[in-house]
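Worksheet: the structure to be examined is printed underneath.
In this note's numbering, the protein residues as written are 60 to 485.
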């Protein structure tokens, strides 16, 4: 029932009283200090996106995205494959289906992921865009012969976008300010349901201010100190920082809760000093402010999409530019080898895509010497209880229980990707 599943996503922007259908997630399901929120953080509620109910036919795809670079280093999965959908039915809204692809033979490690990499490499040999489109549709939706023979289901399968695998994200301009939210697929009887979840690895700026009094502040500052090493690379495509679950915000918004450096400098100075000491211990000459800028850029959806644009990241590196909150613009068509395509951002064109291509090319170059082996036995045991094995969870299970299960599952998987980013960073 596509209409039911779609309504579950956009109806989450409405209150329970305004909802088009009962059940599912609604923005006032949880109250934080008497106001709508999620995971202990505030959330704007309601928003105009709730008016998208009934508009399912107004959506169109603008990008198929290969994120093979996100494959776990132990081959417990084969990265992500994504489709970006857009609509201008009200203002601008996007839904990104981010499917994490299970490894059909995890005992073989990354070697078993080769068919996915080869699929994308072979696309480059197809000059006819219609033929390329047919290949993409087969791989993403209908089933691709070569991938199916290797054990891969269509990428856009529900279990690839649930707790313990991928996710669905919305990028919304129908109301002010711009916001990004995150969801997971679940079952509701014989229908595909959706649950809103906190946004992964997006901290709330006030936790960077040790005078803010936010209840999660001490835990989040400890998590930042423990995981900031993922931000020390000068490669903007590989910066990232994993955070404790308690730090994940309800939404990533274009407001004053996204500038980490500003929040840091509003504190007592103690956390700034702790960051400086940690950086020194790691042999880095970055300043705490530059580190906070890197976190705003690489560990906050809004930062990468807009708020951190041009920020000084240290070592002569500035945060690259989006196309005004998006990296693929549904309203701007440019020429790609003489054919029309949707415009992409400078950050995607000059920073992210070249790095992703390099990672996949390095993987392909070593394919002849690939060995079928798994050096993380704990991953094999963990995957036996993962979504690819047990299927989608029920929407009747409390959210916190599902999040705890996901955290336990992922603890036994490789914590780094093929591209050497923190695994949980997107």
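We treat Cβ as the ideally placed atom computed from N, Cα and C, and that holds for glycine.
A quick note: this is a predicted structure, and the numbers were derived from the prediction, not measured.
Here the alpha carbons of residue 358 and residue 284 stand approximately 14 Å from one another. Beta-bridge partners assigned by DSSP to residue 243: 254.
Residue environment analysis places residue 471 among the buried positions, since at least 16 neighbouring C-beta atoms fall within 10 angstroms of its C-beta. For residue 94, the uninterrupted beta strand (DSSP E) run begins and ends at 94 to 97, by DSSP. The three-state secondary structure of residue 352, taken from DSSP, is helix. Under the three-pair Cβ rule at 8 Å, the region 148 to 167 counts as touching the region 208 to 222. In this structure, residue 243 sits near residue 256, with a CB-CB distance shorter than 7 Å. 167 is the residue among 237, 194 and 167 whose C-alpha sits nearest the C-alpha of residue 435. In this structure, 269 is the residue among 291, 133, 269 and 64 with its C-alpha nearest to the C-alpha of residue 329. The beta carbons of residue 308 and residue 261 sit closer together than 7 Å. For residue 330, the three-state secondary structure derived from DSSP is helix. Here the region 409 to 427 makes no contact with the region 200 to 208; the two share fewer than three CB pairs at distances below 8 Å. From the listed residues 175, 241 and 236, the smallest Cα separation to residue 220 is found for 241. Following the DSSP letters along the chain, one finds residue 157 inside the beta strand (DSSP E) bounded by residues 152 to 161.
Between the alpha carbons of residue 393 and residue 382 lies a gap of roughly 13 Å. If you draw a straight line from the Cα of residue 438 to the Cα of residue 280, it is about 29 Å long. Under DSSP, residue 226 shares a beta bridge with 157.
Fewer than three beta-carbon pairs drawn from the region 145 to 158 and the region 171 to 179 are found closer than 8 Å, and the two stretches are therefore not classed as touching. Of the other Cβ atoms in all chains shown, 16 or more fall within 10 Å of the Cβ of residue 104; this residue is therefore buried. Within its own chain, the residues whose Cβ lies closer than 6 Å to the Cβ of residue 296, once the five positions on either side in sequence are excluded, are 410, 411 and 414, listed in chain order. Assignment of residue 310 by DSSP, reduced to helix, strand and coil, places it in the coil class. Close CB contacts of residue 465 within its chain, under the 6 Å cut and outside five residues either way in sequence, are with 222 and 223 (chain order). Residue pairing of residue 139 in beta bridges, as defined by DSSP: 126 and 159.
In the DSSP assignment, the residues bridged to residue 400 are 393. When DSSP states are grouped into helix, strand and coil, residue 196 belongs to the helix group. Across the set 148, 344, 127 and 76, the C-alpha of 127 shows the shortest separation from the C-alpha of residue 138. Going by beta carbons, residue 311 and residue 360 fall inside the 7 Å limit. By alpha-carbon distance to residue 141, the top candidate from 113, 421, 65 and 226 is 226.
Restricting attention to beta strand (DSSP E) runs no shorter than 3 residues, the region 396 to 460 encloses them at 398 to 403, ordered along the chain. Counting other Cβ atoms within 10 Å of its Cβ, residue 94 stays below 16 and is therefore classed as exposed. If you draw a straight line from the Cα of residue 321 to the Cα of residue 384, it comes to about 21 Å. For residue 303 and residue 469, the gap between their C-alpha atoms comes out near 13 Å. Residue state for residue 173 is assigned as helix, using DSSP reduced to three classes. Here the alpha carbons of residue 419 and residue 189 stand approximately 24 Å from one another.
Taking the Cα positions, residue 462 is about 19 Å away from residue 156.
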